[in-house]
Amino acid sequence: MTLATFGQSALIAMAGLGLTHNTLVVLGGVAAVGCGAGVVGSLTLLRKRPLVGDAAAHATLVGVAGAFLATGRRDLPTLLAGAAVSAVAGLLVLVLLRRFTRTREDAATAIVIGVSFGLGLALLGGITARGMPGGGGLERFLLGQTAALTARDAALLAAISLLAIVVVMAVLKELLLVAFDPAFAAATGWPVGLLDAGLMVLIAVMVVIGLPAAGAVLVTALVVIPPVAARQWTERVGVMLVLAGLFGLVAAVGGVAVSSLRSGLATGPLVVLVAAAICLASVVIAPRRGLLARRLRSRFDVGGDRS
Amino acid sequence: MSSEAFALHAWSMLTAAVVSASCGLVGTLLVVRRMSLLGDAIAHAVLPGIVVGVLAGGRLGGPLVLVGAVVAALLTIGLTRGLRAAVGLAEDAGSGVVFTTLFAAGVVMISLFASRVDLDPECVLFGILELAAFDVVSVGGLEVPRALLTATAVLAIVASGLAATWQLQIATAFDQEAAAAAGIPVAAVTTGLLALTAVATVAGFEAVGAVLVVAMLVVPAATAELLVHRMHQVALVAVTVAVVAAGLGWLAAWRWNTSAAGMITVVLGGFYAAAVVLAPADGLLARLVRKLALDWRVAREDWLARIWRAGELAGAAGESVPRPRPRTGLERAAAVWLRLTGRVNRSAGKVRLSKDGAREAETVVRSHRLWETWLGRHADLPADHLHPPAEWVEHHLGQAMRERIEAELAEGEADPHGREIPPEAGRPDGPPSVV
Amino acid sequence: MNAGQQPLVEFHDVTVAYGRRPVLWNIDLAIAEPCLFGVIGPNGAGKSTLLKAALGLVPVVGGFVRFGGLPLRQVRGRVGYVPQRESVDWDFPVNVMDVVLMGTYGRLGWLRWPGRRERAVAAECLERVGLADLAHRQIGRLSGGQQQRVFLARALAQEADIYLLDEPMAGVDVRSQEQIFGVLAALRDAGRLVIVVHHDLRTAAEWFDQVALIDRRLVAAGPTAAVLTTDNLQKTYAGEIELLEQLGQAVADRGRTE
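Chains as they are written, first to last, in the numbering used here: chain A, 146 to 452; chain B, -8 to 426; chain C, 189 to 446.
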């Protein structure tokens, strides 16, 4: 059997399963996004700021609605561009609140999350109430819905995600240095503020491209849960990044695939549940750091003391 | 407006206000105890608890749902702490894992049991405040929205719960360790607060949906903190802000034909922003004014002191001396002002200090020289390094501090450069003679 | 690095404020030659702050710090730093070798990974602090003394001329302390300047060539025996700093003097 006929048979078989070329590309795009989210999220987890993506994520809604209102277009690149602008704006507001007001850091984060989302909902509600042509369906950015993704959209998302991964790899040692010991990094001349800002921008990007798969409310889970799960399995940073990427990929693809079993299901919650399942398994069965391993170790230690 | 429409608006605004008041009240303690993000977590995590409550036969706003919410909230805390204890996961990361998972589970449950659960996926995120006025119950002849009854019950629970434990809550919020040492059951107090948060969240959830409850919990208290400083004042202002924002937000949503939940949140944000800028003590505007006032005072004092020192050098402190050149625009303006207010007299290119001007100048020079003396004694600094520190300290040394330093010195002691230190203005010694 | 007659390290009228509140007042200190230099004072005196001011980690609101007459950014590669152990989360997924290699990043610059030369330098530094056989251990599984020596090895890997150490002996067993002191003395003998923030007066008197006594301001500085007099110690450890605190509060309140 030649390669060509094998390929043709495979395509026919997949078509029989309902897996069209389009679906495969979409899944590929989602996979890339999940992978990137896991990688970038690992860096924020190591930097001890795992929830910085949450503020960015809730702020994206304003940009999505705003982009539609401003341009009248509802193609994905336009809407995501708007989301990116408002996500960065939200992070900027957060930084300004911390710098110029007495408000505590956690309260400031909660304020940005709530108020930006409220503004987004106000805009969205206005669009829906007026029945603007093309305005319906913007709600899919709340909880995620990949049904409307075209192959081109998915390819764009994948490209951005892979670019983000490349950027992370390029400055990996700097990011790890700042995450591990920011005082030493600053003292030895590295621009800690700049690197932190760069990481925040990367998270904002991941959150934005994660919107189709997970939605604004839950995308933060995609950058938090896979890294937490990955950390359980290793004490080497490199391995942790690879595993986080893998877990993110599986969660994204798994969630999207399962949601396609029933029409109309939002993808975000399912992506999160798959990620959570991986995390639960990691917490329990991982060697050394897992719950079972610790339980067994303490049993053996008690017995060993007697010898 | 027809009377029906008016009644609709009035009931809805009232419901929103009552819900907002509960959240604002509970939020005061959450914000002060740095538990704002915990409030965020609970606001999301109660969803599966609510769904289970509804599945068990309860109704939105009924006791079963409230119990489900409280259980879900406590589960969230427990799991977060469990993750920290079991695998050393930091609380914020653990919280992020737990509440997103629980929220996702809740949404999936709604989809799976759509037929049995009378919950809209939209309700989860938008709230159903707009529909509240249509689901009415008869109360003493009046047609009252069921949601309002729920909200009032919730407010009663929250208010009475907090009132009963207010002192304990404040003590725990202020200093947890000291409270524990004083015998306060800190764990129980905290659990109680979290349970009340869950209850308030359920009411808020119905009105504005899961995510925006966060805003109703945190923003009023954060705004109040910028304006007042005592805890009971903060609570009062927070509730006021919450209620007013709810009313205004509803009206704005009606006027602009959009989501009430969204507009209430936007109005809350507006109040917070206004407080950030306009707050009397901590606001950006107030800080700017204070800074300008300080710069102005420094410029004035520098000018007066320069003239005084020039006079001392020339041999007579009270004499006219050639007018120095102002170093900055602000100093130039200060010079003009001092002339206008009669502290400095100018004639034919020479200037002279009036009695008031001389007194103010002497205070500055006195502060300067006292500080040089103190630094010279207590720090290892050569004499020629004492001037720059004293140059800026001279503006901040108050009378009490000056007297403390002087108490250390011998009678008539000179500064490290051998110059005499002017006595405190208004003392019987009178103006100094020249060195 | 010594540009003519410039001191190796010079603090000139250095005032540091946290928020708007001064915590270090007008520090004037010049260290001219390589030696083992101790910075001593009570808790909260600002000793760590002094080090951080030198490294640009806290803002200096008055005065400056120079190294051989040059500002820090021109001589970054020549200044090694050992921060306090508590500043780091030891549960980080890296091993001893990874941390020591971080000392070489400064010379590598952006976009380059540590190669053979860097690994050789790191291995040699581990050898000098006696941790060669623990190179692949995850850092959370080290004792306090071992963690401190890892930080020291990282600083050695910077191949610097001036070393600033912040409480390197805190919470470290006596044997490790002696070992660390041995490495520092060897550095001094090799012509390096080693500045150490230290908490213990007794060992300070034994180990350091020169000391500075700090309590919000510089009380005295110079050869150890000359500086550690009863009078100076009294001024430092039981001295009058209430006035400084009052003044600091007045400044922080933006000029409200009464």
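Idealized CB from N, CA, C, for every residue including glycine. What you are looking at is a predicted structure, and each value in this text was computed from that prediction instead of being measured.
Per the C-alpha coordinates, the member of B:VAL180, B:ALA63, B:VAL135, B:ALA32 positioned closest to B:ALA(-2) is B:VAL135. Around the Cβ of B:MET26, a 10 Å sphere holds 16 or more other Cβ atoms; the residue is buried.
If you look at B:SER13, you'll find it isn't in any beta strand (DSSP E); it sits in the alpha helix (DSSP H) that goes -6 to 23.
Residue pairing of C:GLU198 in beta bridges, as defined by DSSP: C:ALA218, C:ARG254. Contacts with chain C at 8 Å (Cβ-Cβ) do not include B:VAL78. Under the three-pair Cβ rule at 8 Å, the stretch 174 to 190 of chain B counts as touching the stretch 155 to 166 of chain B. For B:PRO39, the closest Cβ of chain C is not nearer than 8 Å. Assigned with DSSP and collapsed to three states, B:VAL335 falls in strand. Here C:GLY379 is exposed: its Cβ has fewer than 16 other Cβ atoms, across all protein chains shown, within 10 Å. For C:ARG342, the uninterrupted alpha helix (DSSP H) run begins and ends at 332 to 345, by DSSP. With respect to the C-alpha of A:PRO357, the residue from A:VAL312, A:LEU294, A:SER404, A:THR379 having the closest C-alpha is A:LEU294. In this structure, B:LEU57 is the residue among B:ALA36, B:LEU57, B:HIS35, B:ALA34 with its C-alpha nearest to the C-alpha of B:VAL45. Neighbours of C:PRO271 across chain A, judged by C-beta separation under 9 Å: ASP326, ALA328, PHE329, ALA332. Under the three-state reduction of DSSP output, B:GLY240 falls in the helix class. In chain order, THR333, GLY334 make up the part of chain A whose C-beta sits under 8 Å from the C-beta of C:ARG264.
Under the Cβ distance rule, C:ASP349 does not count among the residues neighbouring chain B, no pair being separated by less than 8 Å. Counting along the chain, the unbroken beta strand (DSSP E) around C:VAL267 starts and ends at 267 to 270.
Going by C-alpha positions, C:GLY250 is about 28 Å away from C:GLY294. With 16 or more neighbouring CB atoms inside 10 Å of its own CB, C:GLN334 falls in the buried class. Less than 8 Å separates the beta-carbon of B:ALA206 from that of A:VAL260. Across the stretch 254 to 271 of chain B, no CB contact with chain C closer than 7 Å is found for any residue.
One thing to note: C:GLY359 has its Cβ within 8 Å of the Cβ of C:GLY332. The continuous stretches of beta strand (DSSP E) do not include C:VAL317, and DSSP gives it neither H nor E. Here C:LEU224 is near C:PHE396, since their CB atoms are less than 8 Å apart.
Around the CB of A:VAL362, 16 or more other CB atoms lie within 10 Å, so the residue is classed as buried.
Looking at the DSSP output, B:SER129 sits in a beta bridge with B:GLU134. Partner residues in a beta bridge of C:LYS235, as assigned by DSSP, do not exist. Any Cβ of chain C closer than 8 Å to the Cβ of B:GLY73 would place that residue at the interface, and such an atom is absent. Contact annotation, C:MET357 with C:GLN367: C-beta distance approximately 11 Å; criterion of less than 8 Å not satisfied. For the C-beta of C:GLY232, not a single chain B residue is nearer than 9 Å; the gap to the nearest is close to 17 Å.
Taken in chain order, the complete alpha helix (DSSP H) segments of 4 or more residues contained in the stretch 374 to 406 of chain A are 382 to 404.
Contact with chain B is found for A:PRO195, since one of that chain's Cβ atoms lies less than 8 Å from the residue's Cβ. Collapsing the DSSP output to three states places C:ASP403 in a strand. Using a 10 angstroms sphere on the CB of B:PRO413, the tally of other CB atoms reaches 16 or more, which defines it as buried. The stretch 204 to 282 of chain A contains, as complete alpha helix (DSSP H) runs of 4+ residues, the segments 221 to 245, 250 to 274 (chain order). Within the same chain, VAL170, GLY174 come within 7 Å of A:ALA300 by CB-CB distance, once the 5 residues on both sides are set aside.
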